[in-house]
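In case it helps, the working numbering puts the sequence shown at residues 68 to 353.
Worksheet: the structure to be examined is printed underneath.
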Amino acid sequence: MYAMNNAAIGIFDSGLGGLTVAREIAGLLSAESLIYVGDQARCPYGSRDADQVREYVQQITDFLVSQQVKMIVIACNTATACGLQAARQRADIPVVGVIDAGARAALAASKSGNIAVIGTERTVNSDAYPHAVARINSSAQVVASATPELAGIVESGLEDQMMHQTSDGGEYYHLAESYLQPLFEEGTKDRPDTLLLGCTHYPVLSQALQRAAGSDVAIVCAGSEVAAEVQQTLKDGDQLASKQNRPHHVFYTTDDNIAEFDQLGSKIFGTDLTDIRHLQLEGGKV
């Protein structure tokens, strides 16, 4: 018999992308309440200095702890790479990131052990994914490439245009092609059979990325694996919410445009965001 804890799960990202992870958690753990923070005022994190990202992680961790959450999910690859250990030192509750989960998902999907990863400049330069994959399977091969403009497409709500090879959206689809074709060139030795989306914004673009990579490439993201890890962590700690709990989700954005967060975020999360609030963090918009 598990002791139940109806406190919320805290989740945060540099912007909207972490909602792809929040959606998976809400789908698997329907009794759990969520408190989500999207740091849109300082998005993107991927081009920032690692120390600066770590400072942001500590700020948001402190805020979520003040909201008495029972667990924190860093639903951002850059923030995980730069700040996971700092957040764990800061919070006396479980803190999980997305990189180890992404590595597990990619290895499970790959038949050849040849994996391509795309992400922000900071995530790719950290070598976090090659290291995470190697810890599980040292014989696997990982090639990583920075794709810095893709997160901005999601934050701007332009993802639908990426599916158009011509007209106004052509430039966006061809951007995806330019990123992926060098990674998946036919006839290349050790051509990857799996593409790991190493940024939580990128699942929103999965259809366009699949087309650009090729139909024979498995597209993998960390969301469902993170949700499973959250479930197991809460179960192990006797912290699962009671089945009778009526969950309430609260969404914070550090940007002033709540209406835009509502419009774009509801589309990504898959249902209306009924409680959206503005969060002012020290430092504000940078």
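Using N, Cα and C, we set each Cβ at its ideal position, and we do this for glycine too.
Source: prediction; values computed, not measured.
- Residue range of the unbroken beta strand (DSSP E) whose run includes G105: 101-105
- Going by Cα to Cα distance, which pick from Q156, S206, G113, R157 is closest to K178? S206
- Item | Cβ shell of A294 (< 6 Å), same chain only, five flanking positions each side left out | E91, I92, L95
- Pick helix, strand or coil for T261, following the three-state DSSP scheme. In this structure, T261 counts as strand in the three-state DSSP scheme.
- Query: When the Cβ atoms of the region 250-258 are set against those of the region 128-144, are three or more pairs found closer than 8 Å?
  - Reply: no
- Message: So for H241, helix, strand or coil by DSSP?
- Response: helix
- Message: Check this for me: beta carbons of V287 and L262, under 9 Å apart or not?
- Response: yes
- Message: Counting C-beta neighbours from all protein chains within 10 Å, is the total for I127 16 or more, i.e. buried, or is it exposed?
- Response: buried
- Express the C-alpha separation of E292 and A168 in angstroms, rounding to a whole number. 5 Å
- Task: Specify whether the region 141-160 and the region 109-126 touch according to this definition: at least 3 beta carbon pairs, one from each stretch, less than 8 Å apart.
- Result: yes
- Item | Identity of the residue in G332, Y196, A175 nearest V184 by Cα | Y196
- Query: What are the boundary residues of the beta strand (DSSP E) that includes A289?
  - Reply: Premise fails: A289 is in no beta strand (DSSP E) and is neither H nor E.
- Task: Verify whether the separation of the beta carbon atoms of I102 and A146 is less than 9 Å.
- Result: No, the Cβ-Cβ distance between I102 and A146 is not below 9 Å.
- Item | Beta-carbon spacing of E355, C110 below 9 Å | Because the chain here runs from 68 to 353, residue 355 falls outside it and cannot be looked at.
- Label I203 either buried or exposed according to how many other C-beta atoms from any shown protein chain fall within 10 Å of its C-beta, with 16 as the threshold for buried. exposed
- Task: Using the Cα positions of Q125 and S133, report the straight-line distance between them to the nearest angstrom.
- Result: 12 Å
- Message: List, from N- to C-terminal side, the alpha helix (DSSP H) runs of 4 residues or more that fit wholly inside the region 139-221.
- Response: 144-157, 166-176, 188-192, 195-203
- Task: Have a look at G82, L86, E99 and flag the residue whose alpha-carbon is nearest the alpha-carbon of Q298.
- Result: E99
- Return the first residue and the last residue of the alpha helix (DSSP H) that T128 is part of. 117-133
- Item | Coil, strand or helix - G224 by DSSP | coil
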